[in-house]
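Engineer:
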Amino acid sequence: MSLRLSPTFRDRLAGASRPLAGIWVCSASPLVAEICAGSGMDWTLIDMEHSPNSLESVLVQLQAVAAYPIAPVVRVPFADTVTIKQVLDLGAQNLLVPMVSSADQARQLVEAVRYPPRGRRGVGSALARSARWNRVDDYLQDADAHVSLFVQVETLAGVEAAGEIAAVDGVDGVFVGPSDLAASMGLLGQQTHPDVVAAVHRAFDAVRTTGTPVGVNAFDPGAAQAYVDAGASFLLVGADVAILARASEALAARWVGGADAPERASY
């Protein structure tokens, strides 16, 4: 039996005629992941950095969304070779790695997602969902075609090195994170501060000169559209838990007299 894997997020970006919009799945729930997968969004981020996700919960979410045309991206909690190997073996084809601030870090990550002699990924395809237990022909030889790597720039150092990071062979996209970037600039919680927005634009400009796709996180519709206008190829525009929180607050305001509740940030 021979099986085919889905196109990577890299391939989808290359063939897109517009920016690809995505939604976070932070609840660690396969049911919620499936609901989001059927929403019509282009991609979803299954988050292991700021969410209660384990390898097991990521696996069942990947299985839950597999029946839908959405592209799942898994954000690992940190740049750890062992964790990356395990997440790849689960069958994640698209990885996002947070807090990448130099080209050297990016090169190490490329090595972590590639088999020797081009990298350091451990070989276990016969045991893993990634190759469908050796049901994908020539998986080991073609593994690079089945995996896409995106790195997250979210510090001032990362912004200054964004062009060098994007130019690393094997980096398929750079994702800018305004929240941690604002914190690194001493502007905690001020993602739309003019200085933060200017830094995001600097990163955009540097990445785009290399021909590498650049993306951003922006839950505020106005900010999201402005980043699209500035050249974002992909973006995250909402999160399952934030949608539930804001919608339940709106219900409370309407039916429980919650008008006195404090306003919530959209990020």
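Under my numbering, the first residue of the sequence shown carries the number -1, and numbering increases by one thereafter. Every residue gets a Cβ at the ideal spot worked out from N, C-alpha and C, and that includes glycine.
Classify residue 70 as helix, strand or coil using the three-state DSSP reduction.
Structural biologist: The residue given as residue 70 occupies position 72 in the sequence shown. In the structure shown, residue 70 sits in a strand (DSSP, three-state: E or B).
Engineer: Do you know offhand how far residue 58's Cα is from residue 90's?
Structural biologist: Within the sequence shown, numbered from 1, the residue matching residue 58 stands at position 60. Within the sequence shown, numbered from 1, the residue matching residue 90 stands at position 92. Roughly 11 Å between the two C-alpha positions.
Engineer: So, with DSSP's three-state summary, where would you put residue 88?
Structural biologist: As a first step, residue 88 must be located in the sequence shown, where it is residue number 90. Correct three-state label for residue 88: coil.
Engineer: Assuming residue 150 is part of the beta strand (DSSP E), what are its boundary residues?
Structural biologist: Residue 150 sits at position 152 when you count from the first residue of the sequence shown. Run containing residue 150: 146 to 151, per the beta strand (DSSP E) assignment.
Engineer: Using a Cβ-Cβ cut-off of 8 Å (strictly less than) and excluding sequence neighbours within five positions of residue 167, which residues of its own chain qualify?
Structural biologist: Numbered from its first residue, the sequence shown carries residue 167 at position 169. Hits under 8 Å: 108.
Engineer: In three-state DSSP terms, what is residue 179?
Structural biologist: Against the sequence shown, residue 179 aligns to sequence position 181. The answer is helix: DSSP assigns residue 179 an H, G or I state.
Engineer: Could you check whether residue 128 and residue 86 sit closer than 7 Å to each other, using their CB atoms as the reference points?
Structural biologist: Numbered from its first residue, the sequence shown carries residue 86 at position 88. Numbered from its first residue, the sequence shown carries residue 128 at position 130. Yes, they are a contact pair.
Engineer: Helix, strand or coil for residue 45 per DSSP?
Structural biologist: Translated into the one-based positions of the sequence shown, residue 45 becomes position 47. Here residue 45 sits in strand by DSSP.
Engineer: What would DSSP say about residue 98, mapped onto helix, strand or coil?
Structural biologist: Position 100 of the sequence shown, counting from 1, holds the residue named residue 98. Residue 98: coil per DSSP, three-state reduction.
Engineer: Is it buried or exposed, residue 119, if we count other Cβ atoms within 10 angstroms and call 16 or more buried?
Structural biologist: Here residue 119 is taken as the residue at index 121 of the sequence shown, counted from 1. Counting Cβ neighbours within 10 Å, residue 119 comes out buried, since at least 16 surround it.
Engineer: By a C-beta neighbour count over all protein chains shown, 10 Å radius and 16 as the cutoff for buried, is residue 53 buried or exposed?
Structural biologist: The sequence position of residue 53 within the sequence shown is 55, counting from 1. When all chains shown are included, residue 53 counts as exposed.
Engineer: Grab me the residues of residue 94's own chain with a C-beta within less than 8 Å of its C-beta, minus the 5 sequence neighbours each way, in chain order.
Structural biologist: Within the sequence shown, residue 94 is the residue found at index 96, counting from 1. These residues qualify, in order along the chain: 43, 71, 72, 73, 74, 148, 149, 150 and 173.
Engineer: Once you ignore the five residues that flank residue 36 on each side, which residues in its own chain have a CB closer than 6 Å to its CB?
Structural biologist: One-based indexing of the sequence shown puts residue 36 at position 38. So the qualifying residues of the chain are 66.
Engineer: Report the CB separation of residue 233 from residue 222 in whole angstroms; it is logged as a contact under 8 Å.
Structural biologist: The residue given as residue 233 occupies position 235 in the sequence shown. The residue given as residue 222 occupies position 224 in the sequence shown. The pair is a contact, with the Cβ atoms about 6 Å apart (cut-off 8 Å).
Engineer: Would you tell me roughly how many angstroms separate the C-alpha atoms of residue 161 and residue 200, rounded to the nearest one?
Structural biologist: Position 163 of the sequence shown holds residue 161. Position 202 of the sequence shown holds residue 200. The alpha-carbon atoms of residue 161 and residue 200 are separated by roughly 10 Å.
Engineer: DSSP beta-bridge partners for residue 14?
Structural biologist: Locating residue 14 in the sequence shown gives position 16, counting from the first residue. Partner(s): none; residue 14 has no beta bridge.
Engineer: Would you call the CB atoms of residue 238 and residue 63 closer than 7 Å?
Structural biologist: Residue numbering aside, residue 238 sits at position 240 when the sequence shown is read from its first letter. Residue numbering aside, residue 63 sits at position 65 when the sequence shown is read from its first letter. Taking 7 Å as the Cβ cut-off, residue 238 and residue 63 do not qualify as a contacting pair.
Engineer: In angstroms, rounded to a whole number, what distance separates the CA positions of residue 182 and residue 96?
Structural biologist: Here residue 182 refers to the residue found at position 184 of the sequence shown. Here residue 96 refers to the residue found at position 98 of the sequence shown. If you take the alpha carbons of residue 182 and residue 96, they lie about 14 Å apart.
Engineer: Going by the beta-carbon positions, is the gap between residue 178 and residue 152 smaller than 7 Å?
Structural biologist: The residue labelled residue 178 in the question sits at position 180 within the sequence shown. The residue labelled residue 152 in the question sits at position 154 within the sequence shown. For residue 178 and residue 152, yes; Cβs fall inside 7 Å.
Engineer: Tell me which same chain residues have a C-beta within less than 8 Å of the C-beta of residue 208, skipping the five on either side of it?
Structural biologist: Reading the sequence shown from its first residue, position 210 is the one you call residue 208. The residues are 161, 164 and 165.
Engineer: Which same chain residues, not among the five before or five after residue 132, have their C-beta less than 8 Å away from its C-beta?
Structural biologist: Position 134 of the sequence shown, counted from the first residue, corresponds to residue 132. Here the set comprises 123 and 124.
Engineer: Quick one: residues in its chain with C-beta nearer than 6 Å to the C-beta of residue 141, no 5 flanking neighbours on either side, listed in chain order?
Structural biologist: Working through the sequence shown from its first residue, we reach residue 141 at position 143. Excluding sequence neighbours, residue 141 sits near 113.
Engineer: Assuming residue 99 contacts residue 156 (C-beta within less than 8 Å), just tell me the rounded distance between them.
Structural biologist: Here the question's residue 99 lines up with position 101 in the sequence shown. Here the question's residue 156 lines up with position 158 in the sequence shown. So it is a contact: roughly 4 Å between Cβ atoms.
Engineer: If you measure from the CB of residue 220, is any heavy atom of the ligand GTP nearer than 6 Å?
Structural biologist: The ligand GTP is not part of the structure shown, which contains no ligands of any sort.
Engineer: So what's residue 159 in DSSP terms, helix, strand or just coil?
Structural biologist: Taking the first residue of the sequence shown as 1, we reach residue 159 at position 161. Three-state result, residue 159: coil.
Engineer: Sorted by chain position, which residues of the same chain lie with C-beta nearer than 8 Å to residue 193's C-beta, five sequence neighbours on each side aside?
Structural biologist: Residue 193 sits at position 195 when you count from the first residue of the sequence shown. 183 and 185, listed in sequence order.
Engineer: Between which residues of its own chain and residue 214 is the CB-CB distance below 6 Å, once the five residues before and five after are set aside?
Structural biologist: As a first step, residue 214 must be located in the sequence shown, where it is residue number 216. So the qualifying residues of the chain are 174, 225, 230 and 233.
Engineer: Could you give the first and the last residue of the continuous beta strand (DSSP E) run that contains residue 174?
Structural biologist: Locating residue 174 in the sequence shown gives position 176, where the first residue counts as 1. Looking at the DSSP string, the run of the beta strand (DSSP E) that includes residue 174 is 171 to 174.
Engineer: Taking C-alpha atoms, which residue in 146, 126, 154 and 116 lies nearest to residue 139?
Structural biologist: As a first step, residue 139 must be located in the sequence shown, where it is residue number 141. The shortest Cα separation from residue 139 among 146, 126, 154 and 116 belongs to 116.
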